[in-house]
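Everything below concerns the one structure shown next.
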Amino acid sequence: MSDLKIEQYEYIEKLKRIVKNNYLETPSFCVVTFGCQMNAKDSEKLAGILELVGFREIIDENAADIVIFNTCTVRENANNRLYGRIGQLKTSFYKNENKIIGICGCMMQEKSEVEYVKKKYPYVKLIFGTFNLFKFAEILYEVISKDKKVYEVIDKPIEIVENLPMKNKYSFKCGVNIMYGCNNFCSYCIVPYVRGRERSRNADDIIDEIKLHIKNGVKEIMLLGQNVNSYGNDLKDEKCSFKDILLRVSNIEGLYRLRFMTSHPKDFSYDLIDVIKKSKTICKHIHLPVQSGSNKILNSMNRKYTREHYLDIINHIKSEIENISITTDIIVGYPTETEDDFNDTIDLIKQVEFDSVFTFKYSKREGTKAALMDGHIADDIVSKRFDRLLEVVREIADKKTKQYIGIESEALIEDIEIDKKMFVGRLDNNYLVYFPMSKKNIGDVVRVRLKEAHNFYFVGEEIV
Ligand code: 5AD
Ligand code: SF4
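Laid out in structure tokens, this is it:
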């Protein structure tokens, strides 16, 4: 066991004693997550520690004794949303002076944001970043036992500390990090600055974690990384590529479904297609962010592939795997984007006929290369392009989903839509299907027939 891990378990024990002695009733916590799947996973780690030391989870951040905001900084609106929420907590803080408000995550890796919090929100008691999240128990111990503020952000990763507690948000599905960080430095993106360089986890640690999840009832696993295709490049003691780990995980006994996110077109190897095609567990869905359909813009974004290469990958995937669902990310209004560049993006989207497109207006992030470029696009032009893009995406989704009507498929029940008394299930291809509730439960797998298409989801019926 690593020394860092032993140390953290010692702090967990100390915290348990303090929580038992300091609170008359079981204290509560709330972790508020912004951003991507990686952050959601980190929040599960925080929740795991808080629950182990004696807090219970609630969803009301005003009532909770501890509130941790796990932040995102990929686009500016995430920052604005955070400060709104922290401002609103001021009243509840002054009503309960033992309340602990903390902020962690990507935004706290930016010095200017930490300074801003210090100045504007003095009632925030703890701050930490992405590289020392594993030290959460220690930081919390310092705050509670010494009744002081702890602001600790470091600017480099230390080591990957395995096997700390985690509390899965869902009993039936969960994300598993296979790597951390990103080496790509796309010109618009802040992620490499706040999450550091790529660090792959050892394959055996990944496998052990997944086996444990399956033993605990998890049916669907999502392998997580900013750029999963370069998994293993940095491993020193073993040779294991993304294809290798995908194959190993897909064959773990008891696993029902396997997903992965996110792939990068420049590293997407064609032999993956065959692995996906032949596997019973790997879902027939690939999320492959293209960002733009213009070679000029792709080059300026430092994406390291061309539109032609991207289309070639897509053609291979489609010709090998029938009915595979393909989704992407698009940034609208990247600096210097002309009407022609944008039309190239629209054209690519029409050619590929994506099942779904995550659309983003370009957001200027200080410290990135794109922020220093000339040619930033006026908001009204970006908005017009954005609306045009949504219209095209909707038309394609409409056409695509109609093709699925009448099809039978398996759905993993994820939720209940209370008003309508409907189950919400997820299909292998990542679409959601709503169908009338039966005696089944969340986490069960049922066969459904798709009856109505509603752009991005279906209404169906259970086949009994
Ligand atoms: N502005 C807009 N969108 C961005 N993304 C990343 N950085 C930015 C930015 N500065 C988008 C990309 C990426 C997704 C996770 O977020 O499309 O794939
Ligand atoms: Fe950001 Fe590019 Fe890395 Fe994705 S691959 S996290 S967009 S730098």
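Residue numbers (the working numbering): 1 to 464. Built from N, CA and C at the ideal position, the CB exists for glycine as well.
Check: Considering only C-alpha positions, which residue in the set F55, Q8 and C30 is nearest to L24?
Finding: F55
Notebook entry, point to check: Buried or exposed: which applies to K146, given that a residue is buried once 16 or more other Cβ atoms fall within 10 Å of its Cβ?
Noted result: exposed
Next item on the list: Examine ligand 3 and report whether any of its heavy atoms sits within less than 7 Å of the Cβ of D355.
Entry: Here the bound small molecules are ligand 1 and ligand 2; ligand 3 is not part of this structure.
Margin query: I need the DSSP call for K440, collapsed to helix, strand or coil.
Written below: coil
Item checked: Reduced DSSP secondary structure (H/G/I, E/B, other) of C106 -> helix
Check: So what does T359 bridge to, in DSSP terms?
Finding: I330
Check: Is D415 helix, strand or coil by DSSP?
Finding: strand
Margin query: Less than 8 Å between the beta carbons of I221 and G232, yes or no?
Written below: Cβ atoms of I221 and G232: not closer than 8 Å.
Checklist line | Host beta strand (DSSP E) of G460 (start-end) | finding: Taken as a continuous stretch (DSSP letters only), the beta strand (DSSP E) holding G460 covers Y457 to E462.
Item checked: Where T71 sits in the DSSP three-state scheme -> strand
Next item on the list: From the DSSP output, in three-state form, read off Y180 for me.
Entry: strand
Margin query: Just verifying my parser: in three-state terms, what is the DSSP assignment at L255?
Written below: DSSP places L255 in coil when its eight states are reduced to three.
Notebook entry, point to check: Quick one, which of I86, R394, E76 and M107 has its alpha-carbon nearest I100's?
Noted result: I86
Check: Is C36 close to chain C, meaning its C-beta is less than 8 Å from at least one C-beta of that chain?
Finding: Reference to chain C is not applicable here, since this structure consists of a single protein chain.
Checklist line | At least three beta-carbon pairs within less than 8 Å, the stretch 277–285 to the stretch 308–326 | finding: yes
Next item on the list: Would you tell me roughly how many angstroms separate the C-alpha atoms of I405 and Y431, rounded to the nearest one?
Entry: Straight through space, the alpha carbons of Y431 and I405 are spaced by roughly 13 Å.
Next item on the list: Identify whether K45 lies in helix, strand or coil by the three-state DSSP scheme.
Entry: In the three-state reduction of the DSSP assignment, K45 falls in the helix class.
Check: Where DSSP assigns a beta bridge to R307, which residues make up the other side?
Finding: In the DSSP output, where bridge partners are listed per residue, R307 has none listed.
Next item on the list: Please confirm whether any heavy atom of ligand 2 lies closer than 7 Å to the CB of Q226.
Entry: yes
Notebook entry, point to check: Measuring from the CB of Q37, is there a heavy atom of ligand 1 at a distance below 7 Å?
Noted result: No, the beta carbon of Q37 sits no closer than 7 Å to any heavy atom of ligand 1.
Checklist line | Counted within 10 angstroms of its Cβ, other Cβ atoms place P122 as buried (16 or more) or exposed | finding: exposed
Note to self: Check for me: the beta strand (DSSP E) holding Y151 runs from which residue to which?
What the structure shows: V150 to E152
Item checked: L140 to K439 span [Cα, whole Å] -> 43 Å
Check: Rounded to a whole number of angstroms, what is the C-alpha to C-alpha distance between S241 and N229?
Finding: 8 Å
Margin query: For the structure I just gave you, are there three or more beta carbon pairs, one from the stretch 211–225 and one from the stretch 245–254, closer than 8 Å?
Written below: yes
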